[in-house]
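Single-structure report; data block below.
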Amino acid sequence: GFTFGRDVAEAFLEQEGLKLMIRSHECVPDGVAWPFHTNSVMTLFSASNYAGKTLNKGAIAVLSAGSAASPHITSYTATEVSSDEVDVHNLNYLRQLILEHKPRLREAFRAADEGGTGCVSIERWAAVMQGTL
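If you read the sequence shown in the UniProt record's numbering, its first letter stands for residue 1, the second for the next number, and so on.
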């Protein structure tokens with residue numbers, strides 16, 4: 001990443017004819033922050049309770065034509081979800097992906113099974129899954 005100050009940000013905005021820069025990938029407690037205490041640069045972080053450990057809010061910005069420099073901000077706090085619920089959700093999503101790509105997966109696994117044994121190594125299985133999905 002890059003570190004920049006208010007002067008650099010405002011020079012960039014002026015050069016590009018913009019009024020607002022929205023940056024992300026930095027967890028902020030309220031989901032939104034104005035690092036230079038102006039309305040020119042906003043930090044927006046949408047993941048509430050980041051990594052299940054942080055008690056931060058998430059936020060979204062809604063920009064409208066004609067008023068994009070003054071977005072409507074909505075902050076929220078995600079409801080607590082157990083790791084078991086996350087696991088179930090992820091497994092269901094994985095099942096859905098596999099079913100949606102079943103013909104392509106079948107073809108890729110047949111190609112990966114050079115000996116026609118019906119088996120592939122874990123490494124080859126992972127490569128096929130990653131390359132196909």
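In this text, a Cβ means the ideal position worked out from N, Cα and C, and glycines have one as well.
Check whether the segment 76-95 touches the segment 46-59, taking contact to mean three or more Cβ pairs, one atom from each stretch, closer than 8 Å. yes
Looking at the structure shown, is T3 part of a helix, part of a strand, or coil, going by DSSP? coil
Candidates H37, R23 and K19: closest to L44 by CA position: R23
Suppose the cutoff is 7 Å on Cβ atoms and the five residues either side in sequence are ignored; what does the same chain contact list for L94 look like? For L94, where only same-chain residues beyond five positions count, there are no Cβ hits under 7 Å.
Run of the alpha helix (DSSP H) containing A111, from where it starts to where it stops: Its alpha helix (DSSP H) spans residues K102 to A112.
C-beta contact flag for T132 and L99 at 8 Å: No; because the gap between Cβ atoms is not below 8 Å, this pair is not in contact.
Secondary structure of G58, DSSP reduced to three states: The answer is strand: DSSP assigns G58 an E or B state.
Taking the DSSP output, what are the residues bridged to F32? The sequence given here places Val at residue 32; Phe does not occur at that position. V32 is bridged to L44.
Looking at C-alpha atoms only, which residue of T38, S46 and L20 is the closest neighbour of V32? S46
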